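These notes concern the structure reproduced below.
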Amino acid sequence: MAAQLIDGKAIAEQIRQEMKAEVAELKEKFGGKAPGLAVVLVGQRKDSQTYVRNKKKACEEVGIVSFGTDLDESATEAEVLQAVAGYNADPSVHGILVQLPLPPHIDEQRVLDAISIEKDVDGFHPLNIGRLAMRGRDPLFVPCTPKGCLELLKRSGVALSGKKAAVVGRSNIVGMPAALLLQREDCTVTVIHSRTANAQRICAEADIVIAACGKAEMVGGDWIKEGAVVIDVGINAVDDATAKRGYRLVGDVNFAEASEKASQITPVPGGVGPMTIAMLLRNCVDGAARTFA
Ligand code: GUN
């Protein structure tokens with residue numbers, strides 16, 4: 009069976025259009041007030057600079073005002089904390105994002121813990137994650153990448169309740185919150201990680217697979233049950249002398265093999281990637297709407 013593609017690029021574009029309309033409505037309702045996102049970037053990592061640029065650009069396109077603090081690689085933890093404190097106190101800022109990773113001399117946990125949970129648009133604050141894990145409690149924000157995975161499943165008409173789901177990877181940013189989100193949707197969730205025995209056999213029992221292990225094409229066709237839905241979070245550059253730039257991007261799933269088995273699958277690129285930014289916009293607008301109301 010050849011799988012149907014889940015077009016993350018098109019779905020993200022649709023969400024950006026929805027956000028644009030919502031921001032316009034908010035402005036009209038609340039005397040011209042716009043949602044504001046503040047991004048703190050420390051250091052000169054090219055990948056982080058690109059992510060931050062793309063995030064700010066996407067914000068501006070939907071009418072969210074973006075603020076930024078760029079600090080040198082040598083910035084002290086106190087300076088980063090000071091930037092966060094300033095945005096915590098600033099009423100025109102509704103979302104604060106500290107781009108990760110931070111330089112090794114800065115305590116990432118201390119910085120993330122300092123972000124007001126009302127402005128924690130990355131959803132990385134332990135209080136937001138804790139609420140995500142608890143039945144009957146709701147986080148103020150859900151981390152953007154796993155939220156994007158769930159949105160792709162929902163907008164692709166995938167029924168979740170009662171289904172077996174496998175999450176490959178247990179990072180704080182993707183795997184762990186993705187597993188919590190699937191559990192909140194009444195899936196029976198197995199988290200597969202580097203120490204899991206019989207990972208392939210366990211994964212091959214799942215109706216829904218979210219791959220977020222950061223290893224190029226690790227999830228092969230034999231990991232996928234016939235008819236399963238596959239969401240590939242990975243984005244890995246692999247050397248390819250025939251490609252234009254000398255490399256090509258692949259996911260954590262072997263797409264050629266898995267698409268022979270799956271009923272629906274996300275491509276890489278053009279699957280989960282564009283959804284992460286769309287969900288950041290969603291979180292910013294939600295945060296602003298709560299503040300304005
Ligand atoms: N670095 C890689 N992914 C992310 C993310 O989702 N948020 C932040 N703040 N930094 C990241």
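Heads up: the sequence shown at position 84 corresponds to 92 in my numbering, and the numbers run straight through without jumps.
Idealized CB from N, CA, C, for every residue including glycine.
Remember, predicted model here, so these are calculated numbers, not experimental data.
Between N244 and A224 the beta-carbon gap is near 4 Å, inside 8 Å, which marks them as a contact. Every alpha helix (DSSP H) of 4 residues or more that sits fully in the segment 259-296 is shown, in chain order, as 263-269.
Residue environment analysis places M27 among the buried positions, since at least 16 neighbouring C-beta atoms fall within 10 angstroms of its C-beta.
Non-local C-beta neighbours of Y255 in its own chain, meaning closer than 7 Å and more than five positions away in sequence, comprise A245, V246, D247 and D248, ordered along the chain. Per DSSP, the unbroken beta strand (DSSP E) holding G44 starts and ends at G44 to V50. For S164, there is no enclosing beta strand (DSSP E), as DSSP marks it with neither H nor E. Beyond the five residues adjoining it in sequence on each side, L168 comes within less than 6 Å, by CB distance, of E193 and C195 in the same chain, given in chain order. Contact holds between the segment 284-297 and the segment 141-154, because three or more Cβ pairs, one in each stretch, are under 8 Å apart. For I239, the uninterrupted beta strand (DSSP E) segment begins and ends at V237 to D240. Taking 7 Å as the cut-off, the beta carbon of V70 is found closer than this to the beta carbon of R24.
Membership of V119 in the alpha helix (DSSP H) is indicated by the continuous run E116 to A122. Listed as beta-bridge partners of A245 by DSSP are L257. Residue pairing by DSSP puts T77 in a beta bridge opposite V48. Assignment of G40 by DSSP, reduced to helix, strand and coil, places it in the coil class. Judged by DSSP in its simplified three-state form, K172 adopts strand. Inter-residue distance for K65 and I104 is about 16 Å (C-alpha atoms, whole angstroms).
When distances are taken from the beta-carbon of L105 to the heavy atoms of ligand 1, the shortest one is below 6 Å. Within the same chain, and ignoring the five residues on either side of C67 in sequence, the residues whose Cβ sits closer than 6 Å to its Cβ are L45 and S74.
CA-CA distance, A214 to A207, rounds to 11 Å.
If the five residues before and after I72 are omitted, its C-beta is found closer than 6 Å to the C-beta atoms of P43, L45 and C292, all from its own chain and listed in chain order. Fully enclosed beta strand (DSSP E) runs of no fewer than 3 residues occupy 196-200 and 216-219 of the segment 174-228, in order along the chain. For L135 and Q52, the gap between their C-alpha atoms comes out near 30 Å. Checking the 6 Å criterion, the Cβ of L158 is out of range of every heavy atom belonging to ligand 1. Of the heavy atoms belonging to ligand 1, none sits nearer than 6 Å to the Cβ of L257.
R163 and Q57 have their alpha carbons spaced roughly 30 Å apart. Proximity of the beta carbon of L108 to ligand 1 is indicated: a heavy atom of the ligand is located closer than 6 Å. Rounded to the nearest angstrom, the gap between the Cα atoms of M226 and P154 is 19 Å.
For V106, the uninterrupted beta strand (DSSP E) run begins and ends at G103 to V106, by DSSP.
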